[in-house]
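In what follows, a single structure is set out as structure tokens and then discussed.
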Amino acid sequence: MEPILHVSNLRFHYQPDALSKERWALKDIQLTVGAGEYVSIIGPNGSGKSTLARIIAGLYLPTEGDVHVCGRATSNEHELWQIRRRVGMVFQNPDNQIVAPTVQDDVAFGLENMGLPRDEMKARVAQALQWVGLAGMEEREPHHLSGGQKQRLAIAGVVAMQPDIILFDESTSMLDPQGRAEVCQLIKSIHERGTTVIHITHSAQEAFMAERLIVMAEGQIKLDTPVAELYPQAMKLKEWDLDVPLEVELHHRLVKAGWPVRASITSKEDLVSELWRLLSKT
Amino acid sequence: MTPVVIGQYVPVDSFLHRLDPRGKLVFVFAFMFLVLFADRWPSYLLLTLFVLLAVKGARIPLALFLRAVKPILFLIILTSLLHLFTTKGGGVLLQTPLFSVHEAGVEQAVLMSLRLFVLMATATLLTCTTSPMEITNAIEQLLRPLTKVRVPVHELAMMMSIALRFIPTLWGETEKIKKAQMARGVDFEAGSLFRRIMNHIPILIPLLISSFRRAEDLAMAMEARGYRGGEGRTRWRELTFARRDLWLIPTAATLWLALWYLEK
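Here's what the structure looks like:
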């Protein structure tokens, strides 16, 4: 797999001119993401995960080290606009990322910035709205939408720009369960379309939807592993005060209580079949 | 509850709704100039008739229209009373020890009321038949030539459009903060006028702080979507001057000529 994102020796400080350089927001980050991968980044508050996302999107520049997106360095001023075009970002607060007074104007906002001709814009806006399930709401005003709808609108605005990477910066954390499920479903389909997805989240449940999971704490990458291999060591997540998915917690407690279950499971389905096996034996 | 910002757009389909907003804007300015210039009975009769016809043509429910005009009713009554009692001239109609009412006073009062009504009705008609987005767009395009003398026209239009987007959001937030402060025991209705104004500070400060936070988030989101000012930008909304818009020209010309004749 050819890498679409390459981060090497990245360090970031919010006040690079400050005398004492003790409080680095990010320290010694090495990260390579291949095209089409689905990665989640999980970590406690203040672990630097949002900062990392903003650096990848070219919104902040690294204090030290390099970030290459699609082979372009974010440190190059001229490439920066190209990078922002290729990396889409969906933010946390649904209200504060909708720019225009109507749904269709907002989807078109990024396309206007790209300088696309009107016919192309029309086709892309219609397609994006159809895809996120907001077709027929073109003239709606954003404040009449629900939280989930607003976030889907933000996704439509990003998807219409056809970026290579889409970053979700805690995009589900301000939504109700239904909105959350809708957005998660969209994230999955974006990945299935072949777009690289980086999903930053607080929720272990959502993080485990990805193929690869990265744990960040204190500005560093603490763990970087395929999700399938994470199950055996998932209890480690507690070290960083992170939640553990229900199935992992359950398995752990069963083992602890002395039930004869396998010592390691690889997925939720695996645990379910293990439990069936156990029940049919007794 | 939604705030009434600048009239309120009534989304129905009518000839006036379909007109190009640039044409409408220019026409309304020219028309308002005419209203200020008119000074005699017959001219006002004509102008009022024209506005009433336009309201009818816009297919706006009359009740909605009147509700939009209502806020200045107080102003109309006040100015007409002022004119009624202060303008002297002509025969005396009513004489009391305190004040007197002259013929000229009555005439002025009626004319002034009509003038205010026509002005307000025109502005309301514009905002009822043109969506705020169209108005913003029209202003941006009409002011385009000013970019040459370094007026940041695109930026101003973008600010207007963002303001339109966020007014309802901030309004909702104000209501929320107000309720939160009331739950903490702030009484907004009690006390002297000064006291009541001071009571609103606990609403304003949180609102201000959260607006700054929103602005920062929004700026970040705009940059992430590649916003870099007006240059190299194409537009989603296109304004096209159609044949029906040409009707505005003879209409304006006829009104000007008629007024010129009536005022002569």
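These protein sequence lines are chains A and B, in that order. FYI, full-length UniProt numbering numbers position 57 of the first sequence as 57, with every residue one higher than the one before it. FYI, full-length UniProt numbering numbers position 63 of the second sequence as 63, with every residue one higher than the one before it. All residues carry an ideal CB built from backbone N, CA and C; glycine is no exception. These numbers come from a predicted model, not from an experiment.
Nonlocal neighbours in the same chain, by C-beta distance under 8 Å from residue i, ignoring five residues either side
i	result
V132 of chain A	R152, L153, I155, A156, V159 and L186
G91 of chain B	H102 and E103
L111 of chain A	E120, M121, R124, V125, A160 and M161
K238 of chain A	V244
E263 of chain B	F37, A38, D39, R40 and S43
Supposed contact pair residue j and residue i - C-beta distance, whole angstroms, cut 8 Å
i	j	result
L125 of chain B	A219 of chain B	Incorrect: roughly 36 Å between the Cβ atoms, too far for contact.
L207 of chain B	I167 of chain B	With a Cβ gap of about 12 Å, L207 of chain B and I167 of chain B do not count as contacting.
I4 of chain A	V33 of chain A	6 Å
Q8 of chain B	A68 of chain B	7 Å
V67 of chain A	L26 of chain A	That pair is no contact at about 11 Å.
A253 of chain B	L46 of chain B	Rounded, the Cβ-Cβ distance is 14 Å, inconsistent with contact.
P142 of chain A	R165 of chain B	7 Å
R233 of chain B	G115 of chain A	6 Å
G36 of chain A	T196 of chain A	6 Å
V10 of chain B	L64 of chain B	6 Å
I165 of chain A	R86 of chain A	7 Å
R237 of chain B	N96 of chain A	So it is not a contact: roughly 23 Å between Cβ atoms.
V261 of chain A	E274 of chain A	6 Å
M209 of chain A	K188 of chain A	7 Å
Spatially closest choice to residue i from the options, by CA coordinates
i	options	result
M120 of chain B	B:L170, B:L66 and B:T96	B:L66
A228 of chain A	A:Q130, A:D270, A:W276 and A:Q15	A:D270
G43 of chain A	A:A207, A:P226, A:T266 and A:R262	A:A207
L111 of chain B	B:A38, B:I205 and B:I197	B:A38
L31 of chain A	A:K222, A:D241, A:H191 and A:L254	A:K222
W260 of chain B	B:V26, B:A183, B:R235 and B:V35	B:V35
L52 of chain B	B:T122, B:S14 and B:P97	B:T122
Q82 of chain A	A:V107, A:L254, A:Q104 and A:P163	A:P163
R200 of chain B	B:Q181, B:T147, B:N137 and B:L78	Note that residue 200 of chain B is His in the sequence shown, not Arg. Measuring from the Cα of H200 of chain B, the nearest candidate turns out to be B:Q181.
Residue i - containing beta strand (DSSP E), residue span
i	result
L259 of chain B	Segment L248 to E263 is the alpha helix (DSSP H) holding L259 of chain B; no beta strand (DSSP E) there.
T240 of chain B	Here T240 of chain B belongs to no beta strand (DSSP E), and DSSP marks it neither H nor E.
Q220 of chain A	Q220 to P226
T174 of chain B	Segment V153 to A183 is the alpha helix (DSSP H) holding T174 of chain B; no beta strand (DSSP E) there.
R180 of chain A	R180 of chain A -> not in any beta strand (DSSP E); alpha helix (DSSP H) instead, spanning P177 to E192.
P21 of chain B	Counting along the chain, P21 of chain B falls outside any beta strand (DSSP E), though it belongs to the alpha helix (DSSP H) covering P21 to F37.
F168 of chain A	I165 to D169
F50 of chain B	Premise fails: F50 of chain B lies in the alpha helix (DSSP H), W41 to G57, not in any beta strand (DSSP E).
D66 of chain A	E64 to V69
residue 286 of chain A	Coverage of chain A is limited to positions 1 through 282, which leaves residue 286 of chain A absent and any answer about it impossible.
M235 of chain A	Premise fails: M235 of chain A is in no beta strand (DSSP E) and is neither H nor E.
residue 283 of chain A	Nothing about residue 283 of chain A can be read from this structure; chain A reaches only from 1 to 282.
G88 of chain A	V87 to V90
T196 of chain A	T196 to T201
H102 of chain B	S100 to H102
I139 of chain B	Note, I139 of chain B: premise wrong, no beta strand (DSSP E); alpha helix (DSSP H) at P132 to L143.
Same chain, Cβ closer than 7 Å to residue i, five either side skipped, listed in chain order
i	result
S113 of chain B	I76 and S80
Q205 of chain A	P245
H13 of chain A	K21, W24, A25 and T63
S100 of chain B	V92 and L94
D245 of chain B	L19, D20 and G23
E173 of chain B	L207 and S210
Terminal residues of the alpha helix (DSSP H) in which residue i lies
i	result
P260 of chain A	Segment: none, P260 of chain A is in no alpha helix (DSSP H) and carries neither H nor E.
I209 of chain B	I201 to A224
L94 of chain B	Counting along the chain, L94 of chain B falls outside any alpha helix (DSSP H), though it belongs to the beta strand (DSSP E) covering V92 to Q95.
H17 of chain B	F15 to R18
R212 of chain A	Careful: R212 of chain A lies outside any alpha helix (DSSP H), inside the beta strand (DSSP E) at R212 to A217.
S50 of chain A	K49 to I56
Sequence-distant residues of its chain with Cβ nearer than 6 Å to residue i (five each side left out)
i	result
L230 of chain A	L213
E247 of chain A	K268 and L271
R150 of chain B	none
T87 of chain B	A104, G105 and Q108
A30 of chain B	A252
F85 of chain B	F99
V12 of chain B	R59
E182 of chain A	G148
R195 of chain B	none
V7 of chain A	I29, L31 and V67
F91 of chain A	Q97 and D169
L248 of chain B	G23 and F27
Any non-hydrogen atom of the ligand MG within 8 Å of residue i CB
i	result
A63 of chain B	With respect to small molecules bound, the structure shown includes none, and the ligand MG cannot be examined in it.
Any contact between the stretch 216-236 of chain A and the stretch 38-50 of chain A? By contact I mean 3 or more CB pairs, one from each, below 8 Å.
Flag = yes, the stretch 216-236 of chain A and the stretch 38-50 of chain A touch.
Is the stretch 125-144 of chain B close to the stretch 16-27 of chain B, with three or more CB pairs under 8 Å?
Short answer: they touch.
Taking contact to mean at least 3 C-beta pairs separated by less than 8 Å, is the stretch 124-141 of chain A in contact with the stretch 60-79 of chain A?
Because the criterion of three Cβ pairs below 8 Å is not met, the stretch 124-141 of chain A and the stretch 60-79 of chain A do not touch.
Under 8 Å, with one C-beta from each stretch per pair, do the stretch 169-179 of chain A and the stretch 199-213 of chain A reach the 3-pair mark?
With the cut-off at 8 Å, the stretch 169-179 of chain A and the stretch 199-213 of chain A touch.
Does the stretch 142-162 of chain B touch the stretch 181-197 of chain B, meaning 3 or more C-beta pairs lie closer than 8 Å?
Not touching, per the Cβ criterion.
Three CB pairs or more closer than 8 Å across the stretch 53-73 of chain A and the stretch 214-232 of chain B:
Yes, the stretch 53-73 of chain A is in contact with the stretch 214-232 of chain B.
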